[in-house]
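Below is one structure, written out as C-alpha cells; the observations come after it.
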Ligand SMILES: C[S@@+](CC[C@H](N)C(=O)[O-])C[C@H]1O[C@@H](n2cnc3c(N)ncnc32)[C@H](O)[C@@H]1O
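Numbering (my numbering), first residue to last: 317 to 525.
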C-alpha cells in the first residue's frame, strides 16, 4: 500500500506558481472545473477529451503522478487540461491571486484520503478554510461534488461544507447535468475500483449561494 503524503509538511509551503488562466488555456472563456486530489489524472484526460467546451484543472500533491500526467499531456494535443503539483489548499491561493473573480464553475473531491486517526483529521483536504477559499473563487450557482466510500469522512466533509453557509445541498436536475462538467458520469480510478467491489459510494452535490 502506498504511504499517504502529509499535506502539512513544510515541503509543500513552496508551491508551483500557477500562470494566469489566459496563459494556461487558448480558449480561456470556457467554464473551469477543478479536480482536487486528481491522482494520475486519468479521469481528467477522459473528461477533457469528451467535453471540449470545458477547461479542466487537476491539483495533486504527489509529484510523480503530476509529472507523469504532464508528460502525457505534452504528447497529446489537448488544449483544455492543466495539472499543478502541490497542496491544493495553497495552490488555490495562487488561483485566487491569478484568476479574475468567480472563474470556477465546479469543483470535485473524488475519494479524498481518509486520514482515519483523530489526530490526523487536520490533514484531510476538506477544511473550513479551503471551502471558504473555493467560495471566493466560484460563481454563484457553481457546484461542489464530493464522493467517498468512507461514511465517516463523507459526514465530516458534508458538515464542513454545510457549516460554511456558502453552499446548499443540491439535487441536480437532469437538464443541468447535461451542462455539468461530467455530463456522461465518467468515473475516477478509485470509483471504478470501489464499485467493482460492490462497496457503497457516498456522494453529494452542493450549490454556491
Ligand atoms: C484516494 S486518492 C483518489 C484519487 C482520485 N481522485 C480517484 O478518485 O481515483 C486521493 C488523492 O488525493 C491526493 N491528495 C491528498 N491530499 C491532497 C492535497 N492536500 N492536495 C492535493 N492532493 C491531495 C492524494 O495524493 C491522492 O492522489
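For glycine and all other residues, C-beta sits at the position ideal for the given N, C-alpha and C.
**Prompt:** Just to confirm, does residue 405 get its C-beta within under 8 Å of one of the non-hydrogen atoms of ligand 1?
**Reply:** yes
**Prompt:** For residue 417, which residues does DSSP report across the bridge?
**Reply:** Residue 417 pairs with nothing; no bridge assigned.
**Message:** Beta-carbon within less than 7 Å of residue 321's beta-carbon, same chain only, minus the 5 sequence neighbours each way: which residues are those?
**Reply:** 377 and 378
**Counterpart residues of residue 425 in DSSP-defined beta bridges** = 352 and 462
**Request:** Give the single residue among 506, 400, 361 and 363 whose Cα lies nearest to the Cα of residue 464.
**Result:** 506
**Request:** Could you tell me which of 468, 393, 351 and 357 sits nearest to residue 407, measuring between CA atoms?
**Result:** 351
**Request:** Tell me whether the beta-carbon of residue 394 lies closer than 9 Å to the beta-carbon of residue 365.
**Result:** yes
**Request:** Measure the Cβ-Cβ separation of residue 472 and residue 440 and say whether it is below 9 Å.
**Result:** yes
**Request:** Kindly indicate the opening and closing residues of the beta strand (DSSP E) around residue 359.
**Result:** Counting along the chain, residue 359 falls outside any beta strand (DSSP E), though it belongs to the alpha helix (DSSP H) covering 358-366.
**Prompt:** Any heavy atom of ligand 1 closer than 8 Å to the CB of residue 320?
**Reply:** yes
**contact_flag[the region 422-433, the region 378-393] where n(CB pairs < 8 Å) is 3 or more** = no
**Prompt:** Does DSSP put residue 332 in a helix, a strand or coil?
**Reply:** coil
**Message:** Just to confirm before moving on: does the CB-CB distance between residue 385 and residue 363 stay below 9 Å?
**Reply:** no
**Asked** Residue range of the beta strand (DSSP E) that residue 376 falls in?
**Response** 371-376
**Request:** Measure how close the beta-carbons of residue 512 and residue 480 come, nearest whole angstrom, since I'm counting them as under 8 Å.
**Result:** Not confirmed; about 33 Å, so no contact.
**Prompt:** Is residue 334 near ligand 3, judged by its Cβ being under 8 Å from some heavy atom?
**Reply:** Ligands in the displayed structure: ligand 1; ligand 3 is not one of them.
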